[in-house]
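What follows is one structure encoded as C-alpha cells, with my remarks underneath.
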Amino acid sequence: KKEKSFTSIQEHHIVWLGEFKNTPYNFYDVVEIIERLSKKVPNVKMDMICAEAEPEKIYNFENRAKDFGVSDKIVIHNTTDTIDEIYQNADICLMTSEYEIFPAALLKACEYNVPVISYEQPCIYEFSDRIPVVSVPKKDFLGAAEILSEYFENNVVERGITGTKRFSVTEV
Numbered sequence: 020k021k022e023k024s025f026t027s028i029q030e031h032h033i034v035w036l037g038e039f040k041n042t043p044y045n046f047y048d049v050v051e052i053i054e055r056l057s058k059k060v061p062n063v064k065m066d067m068i069c070a071e072a073e074p075e076k077i078y079n080f081e082n083r084a085k086d087f088g089v090s091d092k093i094v095i096h097n098t099t100d101t102i103d104e105i106y107q108n109a110d111i112c113l114m115t116s117e118y119e120i121f122p123a124a125l126l127k128a129c130e131y132n133v134p135v136i137s138y139e140q141p142c143i144y145e146f147s148d149r150i151p152v153v154s155v156p157k158k159d160f161l162g163a164a165e166i167l168s169e170y171f172e173n174n175v176v177e178r179g180i181t182g183t184k185r186f187s188v189t190e191v
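Numbering (the numbering used here) for the sequence shown: 20 to 191.
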C-alpha cells in the first residue's frame, strides 16, 4: 500500500461498496454522513461502487445528495470496472450495512489494507485482526462523521489504530 500524507488541501477519499437497496445497505445514510463530515473536512470525496444500480435509485440518491448540498462530493460508479483503482486510492472504507453475509467491502478493504468504519454488525469483528475496524451504532450519522473527521484531521488513518479490540465511538 502506498504511503499517505495528509494536508489541509489534500482530498480525502472514502470508498463505499454495496447495492442501492435501502436494506441492508442503507445507501441514503451516506448523504447525511458526508454532509456532516464535510462541515469539518470540506475536501472529502466519496466513491460509491454499486454495480448495476437501477437508474431510478441513482436519480433519487443524486437528488437527495443535491438537497443536502453534497452532490459534488459523491461519485457513483455503476460498475465494478474501477474497483481496484478506487480501493488503491481510498483512505478509508465506510460500511452502512445493517448486516452482511458476504462482506465484499471488508474483503476488498483487507486486500488493500484500508481501515473500515462500519455500523455495528457481527461480521466486522472477524476482520479486526487484519485491518483497523471502528464501529458505530446503526444510524449514528454524527458518530460516523466524527470518527471520519478525526481520521482525516489527526492523521489516524496514516498512524493506524493499535490493537484488535472492538472500538466504539467513545473509545476512538
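Idealized CB from N, CA, C, for every residue including glycine.
Tyr106 and Asn82 have their alpha carbons spaced roughly 26 angstroms apart. For the pair Ala128 and Cys142, the CB atoms are not nearer than the 7 angstroms cut-off. A residue is called buried when at least 16 other Cβ atoms come within 10 angstroms of its Cβ; Leu126 does not meet this threshold and is exposed. In the three-state scheme derived from DSSP, where H, G and I count as helix and E and B as strand, Tyr44 is classed as helix. Taking Glu139 as the centre and dropping the five residues before and after it, the same chain places the C-beta of Ser154, Val155, Pro156, Lys157 closer than 8 angstroms to its C-beta, in chain order. Going by DSSP, Ser168 is part of the alpha helix (DSSP H) stretching over 160 to 172. Spatial neighbours of Val50 in its own chain (CB-CB distance under 7 angstroms, excluding positions within 5 residues in sequence) are listed in chain order as Arg83, Ala84, Phe87, Val89. Per DSSP, reduced to three states, the secondary structure at Cys112 is strand. 7 angstroms or more divides the Cβ of Asp91 from the Cβ of His31.
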